[in-house]
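One structure is given below, encoded as structure tokens.
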Amino acid sequence: MHDPFKAICDDDLERRWIWISIIMAFVMGGLLGLYAVASNMHPPSNVETIDSSRLHLTEEFAEDNLGVKENDDGSLTVTMVAARYGFYPSVIEVPADTPVKFRVASADVLHGFHVPFTNAATMVVPGYISEVNTSFPTPGKYSFLCNEYCGLGHDSMWSRLIVLPKSAGGAS
Amino acid sequence: MSHSTKAVSLGLANMWVAFTAFTAAALLGLYQVIERIDLVPALKSPELYFGSVSTHGVLMGFVLTTFFIVGFGYYTASTSLKQDIWNKPLAWFGFWLCMAGVVLAAVPLLTGNASVLYTFYPPLMAHPAFYIGAALLVVGSWVWCLEMVMMLAVWKKAHPGETVPLAMYGTTANAILWFITSLGVASEVLFQLIPWSLGLIDTVDVGLARTLFSWTLHAIVYFWLFPAYIALYTLVPSAAGGRLFSDQMGRFAFILLLVFSVPIGFHHLYMDPFQAAGWKFLHMTGTFMVAVPTLITGFTVIASLEVAGRLRGGKGLFGWIAALPWNNPIVLAACLAMLMLIFGGFGGMINASYSMNAMVHNTQWVTGHFHLIFAGTTVIMYFGAAYYIWPKMTGKALSSVKLANAQLWLWFVGMLTLTLPWHQIGIAGQPRRVSSTPYDESLVQSWITSEMLMIVGGAILVVSALMLVMVLFGTHGNSQPVDNPEVEYAEPLHPVARMPHLMNSFGFWVGLIVVYMVASYGYPILQFFLLDTYGTVPWSI
Amino acid sequence: MKPYISVITALLLFTPVVNAEPSSAVAFDLATIKLLKSADPQAGKALAEESKCAKCHGDAGVSDDPDDINIAGMSASYLFKQLRDYKDKKRDDRDMYKNVRELEDEQMADLAAWFASLSPAPANPDRVLTDAVRKLVFYGDPERLLKACASCHGRRGQGGQFDHPALAGQNRTYLVDSLVAFQEEDRENDIYGRMRDISKSLTEDEIEALADYYATYLPDEDEDEEEEE
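Residue numbers (the working numbering), protein chains in the order written: chain L, 46 to 217; chain R, 199 to 739; chain Z, 651 to 879.
Given below as structure tokens:
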């Protein structure tokens, strides 16, 4: 077989190593990519705009419409607002092992949204609605932490997630 | 070569600015690791902390890097081509433009009016002087890009058909890379942030701003890394007493870096809404491709060191390692840099991963990672290169080789002591960029030990930083002259008979980047003009 | 069984409410910002005299009666929002409603601009910052999900952007009354319930202590202290 790298490399060892490097990159990238696609794990990539400055006057993100809602298929939708310096509503309870879709919007600046030890993470960008799909296998007390600098009070921006045991939970 | 041909004063002026900024920023870094831990209530002040973090980032990420790369570039270009700087007054104009930018940006930074971190973060709004200063710094660095391209063109005209020296090939690749990659942040600053901060436009589209910034954000890391690679390929093998394993591999790696590092910025936007998953997947594949030149570099540099070790009488499978001149600062720096690259590369795989990134995004893991790769691998090579060229620029022997080696070892130990625990608190959930941790007791307790270790690491690094300045400063006043004032660029093991045109020029590769950029950034940018977007008004910090 | 019940309760609590009423009709969008920017403080001054604001809020926006709020030096955006909220009955106060119901947005913006331009109330120098208060103000209490007051209201109690009011130099009784009103949901014009959440976590003693701290707060003195640190 004609080696295309022969034109640029005379040394056999070098060429072999170039091929090994390329194959390594493809295997690593390919495995991670395949794994993600096969288990349908995509990063939060919702493309949807909203006027953040009027967020509390919109229907979806009106104060009384925030929180946990059960969908017809038993999954949950959690609507939340990130605003200086907290997530609202400030306590969210969901059952374990249940598909949860978070819909989060910012009322002011750029925020981060992360539940440590889980893959529930997204940026919350003013002007756009973020969507995260996940489920929580382990019951317990968790925190939503803002992980993007959002102003001098950034440290204080966090709130509570409680994951309840599924066996006792209603949604199935 | 006559002394005037070498760009000594341009090189020294730029690199002294770089290392002065570096020392100031290192001190700020120590303050930050101490402040962040909630043990000393008297030190608590988010105003000071975020002002300090912003200044530390700007000094390390923009000032140290840009000025070092520019100074090193001028010196490399003039010595490898054995040719005068093209249009010297213009080169000095570029230097002063960069300086004006730094001074202009420093005023709001130091008065707490630009605590928006070095990544800007609209809709937080800084004083306009900060953005204008940043723009001047970038425009000033473009002068250097032009200089490098022109110097290569002049040389090629005088040496038709000859092979461009590898050091210059890499330097020009970096100049082109920086020009292309800085267009992203330049557009953000010129068309969005400056008019917005001056009140000429009311709102800013944060999605567009972040997309433009991502255009710059990844390849800027390679802009920083390039001089380290150039030193590894062209200075280290000869300093170690050997030869470069392969000149063509070096070129191939430089070309891959140039082509693949710009169109892959979306791995910084994995967690952002406003870009669809398909685009992120496309950028992910490119991100893994950019690992190839690093793997090639690892191989070539280690192979070159092996050649040196064996020439020095090293025997057996590993005997050549012991035979290396570990007391030669640039060789020591190279070995330590490669070690840190192995640790850092592992972490990088997780960050680059399309699915695993969610676990570590914006946690302290990420800051730990880039400190290991940048402040570790890259910056230690800046030190090594400085120790190598300082005597040649000043004509005086290094003031203390012992102190220089001790400095490098301390930097290595300090960096590992700082960054390994840093990764741990990231996995344990600590968000980045916090000045205190008023969270659940269970979380905070799991961080304490690591945070204490980080303080030790920070202190070691500050000592090391001061030692660097001492050695370099002392060299200027050393009475002992340098042994060999010429830079010895490494000769390849196999002399290259005829370099293929593609590996001796850039036209084709620039064309390829343009096509790749249009494919990977075209629609993602265009969509902001097609969607009904809502701009965001300015917010104070 | 218990977790089961709380899930159901949570689901019921957050079931969409028909005709969900926002807690305030004011949004700090571009239109409002431009309205505030173009406001005329002198027109506001004239209007303030005509409306006899001084009767409760003092000649220069500083009240003699500790039940009333000192409005001098507060941000125009916060003052404007309160006026609109009174008019929209989002903040319940019969007297203020009567005073503002006839006012147009521009007039309220002028009034806000006038009072924002005045110097804040002089502070009482006998301020004491106990450890307990320091913790609440600068750190919060994670156990209770309680945020540091300073994160929104500023390290010097100077207030934040748009609807985060200044607290420094406020009347003590007014501060206590406000926190209690939020706690008991007599006042609900804090968008997304930010102050309702926080005030419910505070004890009566803490409310008193915080009011003491902010009411007798001396900004300049504290600035010096911070520099010394």
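No residue lacks a Cβ here, since even glycine has one placed at the ideal position from N, Cα and C. The structure displayed is predicted, hence computed values, not measured ones.
Listed along the chain, the chain R residues whose CB falls inside 9 Å of the CB of L/F162 are M557, I625, A626, G627. Neighbours of Z/F788 in chain R, taken as residues at a C-beta separation under 7 Å, are given in chain order as K242. Z/I683 reaches chain R at V735, counting residues in chain order whose Cβ is nearer than 7 Å. Here the alpha carbon of R/N525 sits roughly 13 Å from the alpha carbon of R/G507. R/A426 and R/Y580 do touch by the CB rule: their CB atoms are close to 7 Å apart, below 8 Å. If the five residues before and after R/P523 are omitted, its C-beta is found closer than 7 Å to the C-beta atoms of A438, G439, V529, all from its own chain and listed in chain order. A distance below 7 Å between beta-carbons, with the five flanking residues on each side excluded, links R/G511 to the following residues of its chain, in chain order: A521. Beyond the five residues adjoining it in sequence on each side, R/A535 comes within less than 6 Å, by CB distance, of T575, I578, M579 in the same chain, given in chain order. R/G255 and R/L322 have their C-alpha atoms some 17 Å from each other. In this structure, the beta-carbon distance from L/L77 to L/A150 does not fall below 7 Å.
About 6 Å separates the beta carbons of R/H325 and R/A312, which is inside the 8 Å limit, making them a contact pair. With contact defined as three or more Cβ pairs closer than 8 Å, the segment 688 to 700 of chain Z and the segment 755 to 773 of chain Z are in contact. Residue ranges of uninterrupted beta strand (DSSP E) with 3 or more members are absent from the segment 547 to 604 of chain R; none lies entirely inside it. Secondary structure note for Z/I683: its alpha helix (DSSP H) is the uninterrupted segment 680 to 687.
In the DSSP assignment, L/N178 is bridged to L/K146.
Inter-residue distance for L/N178 and R/P636 is about 28 Å (C-alpha atoms, whole angstroms).
Counted as a single uninterrupted DSSP element, the alpha helix (DSSP H) harbouring Z/M746 occupies residues 744 to 750.
Residue contact with chain R for Z/Q808: absent (no Cβ-Cβ distance below 7 Å to any residue of chain R). Listed by position along chain L, the residues whose Cβ is nearer than 8 Å to that of R/S395 form an empty set, because the closest Cβ is around 15 Å away.
In terms of Cα proximity to R/V460, the closest of R/L388, R/V341, R/H567, R/H416 is R/H416. L/R205 is bridged by DSSP to L/V136, L/S188. In chain order, T124, M125, V126, Y133, P134 place their CB closer than 8 Å to the CB of L/L111, counting only its own chain and leaving out the 5 sequence neighbours on each side. Neighbourhood of R/S718 in chain L, by CB distance below 9 Å: empty, with the nearest CB roughly 15 Å away. Contact between the segment 790 to 798 of chain Z and the segment 722 to 732 of chain Z is absent, with fewer than three C-beta pairs closer than 8 Å. When the Cα atoms are used, R/L391 and L/T103 turn out to be separated by approximately 28 Å.
Of the residues assessed, L/H159 falls on the buried side of the cut-off, its CB having 16 or more other CB atoms within 10 angstroms.
For L/W203, the chain R residues whose C-beta falls within less than 7 Å of its own C-beta are Y637, listed in chain order. Identification of chain Z residues near L/L206 by a Cβ-Cβ cut-off of 8 Å yields none; the smallest Cβ-Cβ distance measures about 11 Å. Neighbours of L/E193 across chain Z, judged by C-beta separation under 7 Å, do not exist; the nearest C-beta is about 15 Å away. Shown here, L/H159 sits in a strand according to DSSP, grouped into three states. Here R/Y329 carries a helix assignment [DSSP, helix/strand/coil]. Taking a contact as a CB-CB distance under 8 Å, the pair Z/L786 and Z/C799 counts as one, their CB atoms being some 6 Å apart. Counting along the chain, R/E686 sits inside no beta strand (DSSP E), nor does DSSP assign it H or E at all. Pairing L/G131 with L/S188 gives a Cβ-Cβ distance that is not under 7 Å. Note on geometry: alpha-carbon atoms of R/P722 and L/H87 lie some 18 Å from one another.
For L/L121, the enclosing beta strand (DSSP E) covers residues 121 to 128.
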